[in-house]
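Notes for the one structure printed next.
There are 2 protein chains.
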Amino acid sequence: MRKQNSTNALNEQQLTFNCPIASTLKMVGGRWKLIIIWNLREKSFRYKELQRSIPNITEKMLTQQLSSLVEDGWVQKKDYGEIPPRTEYSLTPLGKSFIAVLEHIYDWGKSNNIIGIANARYGNE
Amino acid sequence: MRKQNSTNALNEQQLTFNCPIASTLKMVGGRWKLIIIWNLREKSFRYKELQRSIPNITEKMLTQQLSSLVEDGWVQKKDYGEIPPRTEYSLTPLGKSFIAVLEHIYDWGKSNNIIGIANARYGNE
DNA sequence: TTATGTACATACAATAAAGTGCGTACAAAT
DNA sequence: ATTTGTACGCACTTTATTGTATGTACATAA
Numbered sequence: 001m002r003k004q005n006s007t008n009a010l011n012e013q014q015l016t017f018n019c020p021i022a023s024t025l026k027m028v029g030g031r032w033k034l035i036i037i038w039n040l041r042e043k044s045f046r047y048k049e050l051q052r053s054i055p056n057i058t059e060k061m062l063t064q065q066l067s068s069l070v071e072d073g074w075v076q077k078k079d080y081g082e083i084p085p086r087t088e089y090s091l092t093p094l095g096k097s098f099i100a101v102l103e104h105i106y107d108w109g110k111s112n113n114i115i116g117i118a119n120a121r122y123g124n125e
Numbered sequence: 001m002r003k004q005n006s007t008n009a010l011n012e013q014q015l016t017f018n019c020p021i022a023s024t025l026k027m028v029g030g031r032w033k034l035i036i037i038w039n040l041r042e043k044s045f046r047y048k049e050l051q052r053s054i055p056n057i058t059e060k061m062l063t064q065q066l067s068s069l070v071e072d073g074w075v076q077k078k079d080y081g082e083i084p085p086r087t088e089y090s091l092t093p094l095g096k097s098f099i100a101v102l103e104h105i106y107d108w109g110k111s112n113n114i115i116g117i118a119n120a121r122y123g124n125e
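Chains as they are written, first to last, in UniProt numbering: chain A, 1 to 125; chain B, 1 to 125.
What follows is the structure in structure tokens.
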């Protein structure tokens, strides 16, 4: 749980307060959220499908990040109420509109060889 | 210091390995780096100027993030070798080219009222 | 002569994020 | 009768990030 009054939390809050970029990052930052969104860009996924399509993500992380994305309105969940359980995740209109932004970053990263730069510095022999 | 072999670190590494978006985020993620880059978009700044222009950033954070950005090739530093010290920070071509991406995010965030959404969820009365 | 400003460095503490290892309930397949 | 699969929940530990409190060296201003 977060400490509401830590300098840490307050700093983050003030930054998001007047910057769309910081606000965006606050909601989709972290290791997994963008990957989840990116995976959902073309079609909806069931929970386990999503898990299989994202290497190394644990169930805890997937559940946690998904529910946060749902709360924040980027992803929507359809629960079929069946047993065994079946759920389906897809992007909301907000999430879909964000794909254009991601594609922009993607293209920029490719034309600037960002993977190469990152690997050179942070290692991946 | 980072633990090279933690699952944590390995996961991050594998994600950046083949995704320009993850690679980009790895280099400019965190609380302060984008703000620093954003501040430098129009002109170069001296160290203390930058500090004054970014509310609440501590000297440790500013120094640390700046040197990381310099290492990664987003920002360049000019040290005048004077006493009292004088240094100047500005964007490299890579950093400058990234401003277009940030503007894109900025515009998207504005038209989608991201600040409003973020504040509604994470509070800022 | 005491204070102020510059651009840092560093030990340490606090906070946040991510990962591990368990358990649930029910159903169908082996 | 035991295993496998689905979609989670939760207590706990490990890592990572951020912040706090100092100190440095020299110079000019009050």
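Virtual Cβ for every residue (Gly too), placed ideally from N, Cα, C. Fair warning: this is a prediction, and the values are worked out from it, not measured in the lab.
Check	Outcome
Counting only Cβ pairs nearer than 7 Å, list the residues of chain A close to V101 (chain B).	H104, I105 and W108
Check for me: the beta strand (DSSP E) holding Y89 (chain A) runs from which residue to which?	T87 to L91
Is it true that the segment 88-99 of chain A meets the segment 54-62 of chain A, where meeting means three or more beta-carbon pairs spaced less than 8 Å apart?	no
Using a C-beta cutoff of 8 Å, does K26 (chain A) count as contacting chain B?	yes
Which of the three DSSP states, helix, strand or coil, is assigned to D72 (chain B)?	coil
Runs of 3 residues minimum, wholly inside the UniProt domain "HTH hxlR-type" (19-117) of chain A: which ones carry the beta strand (DSSP E) assignment?	75-79 and 87-91
To the nearest angstrom, how far is the alpha carbon of Q4 (chain A) from that of Q13 (chain A)?	10 Å
Using a Cβ-Cβ distance cut-off of 8 Å, determine whether Q65 (chain B) contacts chain A.	no
What residues from chain A crowd round I21 (chain B), counting only those whose CB sits closer than 8 Å?	L34, W38, L102, I105, Y106 and G109
Kindly indicate the opening and closing residues of the alpha helix (DSSP H) around Q13 (chain B).	T7 to F17
With a threshold of 7 Å on Cβ separation, who are the neighbours of K78 (chain A) within its own chain once the five nearest residues in sequence on each side are excluded?	T87 and E88
What did DSSP end up calling R121 (chain A) once you bin it into helix, strand or coil?	helix
Cβ-heavy atom distance between Q51 (chain A) and the ligand ZN below 7 Å?	For the ligand ZN, the structure offers nothing, since it holds no ligand at all.
Under the assumption that A118 (chain B) contacts M27 (chain A) (Cβ atoms under 8 Å), give the Cβ distance between them as a whole number of angstroms.	6 Å
Thinking T63 (chain A) and W74 (chain A) are a contact (beta carbons under 8 Å), I'd like their distance in whole angstroms, please.	About 15 Å; that fails the 8 Å criterion.
Can you tell which of A:Q65, A:L40 and A:D107 has its C-alpha closest to the C-alpha of G29 (chain A)?	A:Q65
With 8 Å as the threshold, decide whether the Cβ of R31 (chain A) is near any Cβ in chain B.	yes
Chain B partners of E71 (chain A), CB-CB under 9 Å?	R121
For L25 (chain B), collect the residues of the same chain with a Cβ closer than 7 Å to its Cβ; drop the 5 residues on either side in sequence, then sort them by chain order.	none
From S90 (chain B) to E49 (chain B), what distance separates their C-alpha atoms?	12 Å
Quick one, are the C-beta atoms of residue 127 (chain A) and K110 (chain B) less than 8 Å apart?	With chain A covering 1 to 125 only, the question about residue 127 (chain A) has no answer from this structure.
Look at R121 (chain B) and D72 (chain A) and say whether their C-beta atoms are less than 8 Å apart.	yes
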